[in-house]
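Mapping to full-length UniProt numbering: the sequence shown position 260 is 260, numbers consecutive.
By construction, the Cβ of each residue, glycine as well, lies at the ideal position given by its N, Cα and C atoms.
Only one structure is covered here, and it is reproduced in the block below.
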Amino acid sequence: MTARTSGVLPAGLAEAIRGTAEDIAAVLRTAAGPEGEPRRRSEAGGGARSEAGGGSPGEAGGGSPGGGRAAGETAPGGAGPGGAGHGGGLPVPRSTWTVGEAAAHLAQANALMAELAAGHERPYGDGTPGSLAEANERALAGFAERAPGPLAEMITAQAAAFLDAVEERDPDEPLATPLGGMNPAVLGSYLLTHMLGHGYDLARALRRPHMVDAHRVELGMPFMIQVMPRVTDPDAVAGLTAAFAVRLRGGSGFGVTITDGLVRVAPEPPARPDCRILTEPVTFLLLALGRIDPWPAIARGRALGWGRKPWLAPRFPTLFRAP
């Protein structure tokens with residue numbers, strides 16, 4: 001169980017939220033050179049860390065599955081082809097979004113989280129990955145800013161607004177979110193996890209070191225465990241019966257039991273799992289969020305599976321759809 005020292009959030013969570021927002025802002029500021037001049041991609045910095053801290057950006061995945069914009073097309077808010085006037089038009093790997101769009105989404109999402117932390121209900125999809133994606137696109141269409149510099153300031157300001165608002169809540173107060181009711185601590189874990197996923201994307205796009213580490217992943221686990229049943233892929237689990245014991249190397253563990261497609265998640269592993277999975281924490285988060293693929297992680301020893309049905313290990317991440 002996560003320790004709580006004082007206030008509403010568990011120990012270290014507020015610092016992780018603030019630090020992650022600041023790290024993302026620092027990455028975004030590298031998109032422009034001195035006096036706001038855009039940097040060419042080759043000038044945006046050295047190779048970013050891969051999922052476990054080494055290698056080239058290409059190791060963590062291929063290009064955008066949706067193909068992105070055609071060369072020469074102007075991105076929203078851009079000052080030239082692809083938004084090159086402020087660096088926001090660079091493509092985000094494994095995404096149809098540009099840097100400017102991903103950063104705009106983060107600024108909007110942090111503002112939404114601050115509103116939820118203040119106790120306001122804000123309808124945003126129906127909780128399914130598809131509806132959340134549609135809500136994201138509608139929100140982006142009504143928000144013109146794509147320049148990394150101003151968006152960096154919005155991301156940190158809204159993270160600070162969340163921390164101010166959440167401290168006014170009762171620790172057990174239920175708060176409405178796009179992924180169901182959560183107490184303030186789990187909502188904070190949600191905000192952190194969301195920033196880590198998109199922060200990783202931005203760091204890769206701009207060839208900067210990412211900000212995902214084992215400590216931050218561990219602080220995000222309360223959200224991950226609570227939300228997993230909601231983001232199950234119905235087609236992937238249809239007819240499946242299996243029990244998984246999952247543990248982060250050097251950290252916490254949890255159990256997932258699937259009975260004919262019905263998914264239950266518990267903070268403790270099952271007594272007799274079919275498959276045991278041990279994974280490096282950063283790799284776990286990136287697998288869970290769909291940023292990397294299982295087999296390369298297994299080949300590098302960053303995720304291991306064994307037990308009565310070890311072949312279920314590479315299948316496990318595919319049972320869920322990241323929202």
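Inter-residue spacing [alpha-carbon to alpha-carbon] between Glu115 and Val92: A direct Cα-to-Cα measurement between Glu115 and Val92 gives close to 27 angstroms.
Residues of its chain near Pro323, where Cβ-Cβ distance is below 7 angstroms and the 5 sequence neighbours each way are ignored: Excluding sequence positions up to five before and after Pro323, its CB lies within less than 7 angstroms of the CB of Pro129, Leu132, Leu179, Val231, all in the same chain and listed in chain order.
Identity of the residues DSSP links to Phe320 by a beta bridge: Paired residue(s): Thr232.
Pairwise C-alpha distance: Ala26 and Ala242: Rounded to the nearest angstrom, the two C-alpha atoms are 43 angstroms apart.
Under 8 angstroms between C-beta atoms of Pro294 and Pro317: Yes, the Cβ-Cβ distance between Pro294 and Pro317 is below 8 angstroms.
Same chain only: Cβ atoms within 8 angstroms of His215, ignoring 5 sequence neighbours per side: If we look at His215 and ignore the five residues flanking it on each side, its Cβ neighbours are Gly12, Ala16.
First through last residue of the alpha helix (DSSP H) which encompasses Ile258: Not the alpha helix (DSSP H): Ile258 falls in the beta strand (DSSP E), residues 253-259.
Delimiting residues of the beta strand (DSSP E) encompassing Phe284: No beta strand (DSSP E) holds Phe284; the alpha helix (DSSP H) holding it covers 281-288.
Residues of its chain near Tyr190, where Cβ-Cβ distance is below 6 angstroms and the 5 sequence neighbours each way are ignored: If we look at Tyr190 and ignore the five residues flanking it on each side, its Cβ neighbours are Phe223.
Counterpart residues of Met182 in DSSP-defined beta bridges: DSSP output for Met182 lists Leu175 as bridge partner(s).
Residues sharing a beta bridge with Phe244, DSSP: Paired residues: Val256, Cys275.
For Arg315 and Ala21, the rounded distance between their alpha carbons: Each residue's CA atom was taken as its position, placing Ala21 and Arg315 some 32 angstroms apart.
Three CB pairs or more closer than 8 angstroms across the segment 258-265 and the segment 273-284: Contact between the segment 258-265 and the segment 273-284 is absent, because fewer than three Cβ pairs lie under 8 angstroms.
Where the alpha helix (DSSP H) containing Arg18 begins and where it ends: Per DSSP, Arg18 belongs to the alpha helix (DSSP H) from 13-29.
Cross-strand partners of Gly305 (DSSP beta bridge): In the DSSP assignment, the residues bridged to Gly305 are Ile277.
Length of the line joining the Cα atoms of Met113 and Arg308: Distance between the alpha carbons of Met113 and Arg308: 42 angstroms.
Supposed close pair Ala14, Leu163 - CB separation, criterion 8 angstroms: Rounded, the Cβ-Cβ distance is 5 angstroms, consistent with contact.
Proximity of Leu248 and Pro281 at Cβ, strictly below 8 angstroms: The answer is yes: Cβ separation under 8 angstroms.
Span separating the alpha-carbon of Ala266 from that of Tyr124: Approximately 27 angstroms, taken between the alpha carbons.
Residue ranges of each alpha helix (DSSP H) within the segment 94-160, 4 or longer: If one requires a minimum length of 4 residues, the alpha helix (DSSP H) runs lying completely within the segment 94-160 are 99-117, 129-141, in chain order.
Chain-order list of residues whose beta-carbon lies under 6 angstroms from that of Ala303 (same chain, five-residue window excluded): Only Thr279, Thr283, Ala297 meet the Cβ criterion.
Cut-off 7 angstroms between Cβ atoms - residues of its own chain near Val227, not counting five sequence neighbours on either side: If we look at Val227 and ignore the five residues flanking it on each side, its Cβ neighbours are Leu179.
Nearest-angstrom beta carbon gap, Ile24 and Ile225 [assumed within contact, 8 angstroms]: The C-beta distance from Ile225 to Ile24 rounds to 24 angstroms, too long to fall under 8 angstroms, and the pair is not in contact.
Straight-line gap, Arg169 to Leu219 (C-alpha atoms, nearest Å): Spanning the two alpha carbons is a distance of roughly 19 angstroms.
Endpoints, the beta strand (DSSP E) within which Leu262 is located: First-last of the beta strand (DSSP E) with Leu262: 262-266.
For Pro91: DSSP bridge partner residues: According to DSSP, which records beta bridges pairwise, Pro91 is partnered with Thr98.
Cβ neighbour criterion (16 or more within 10 Å) applied to Ala245: Buried: at least 16 other Cβ atoms inside 10 Å.
8 angstroms Cβ cutoff met for Gly88 and Ala31: Inclusion of Gly88 and Ala31 in the CB contact set at 8 angstroms is warranted, their separation being smaller than that value.
Separation of Pro184 from Thr5, as counted between CA atoms: Model confidence at Thr5 stands at a pLDDT of 41, short of 50, so the residue's coordinates are unreliable; what they give is reported in the following sentence. The C-alpha of Pro184 is placed about 15 angstroms away from the C-alpha of Thr5.
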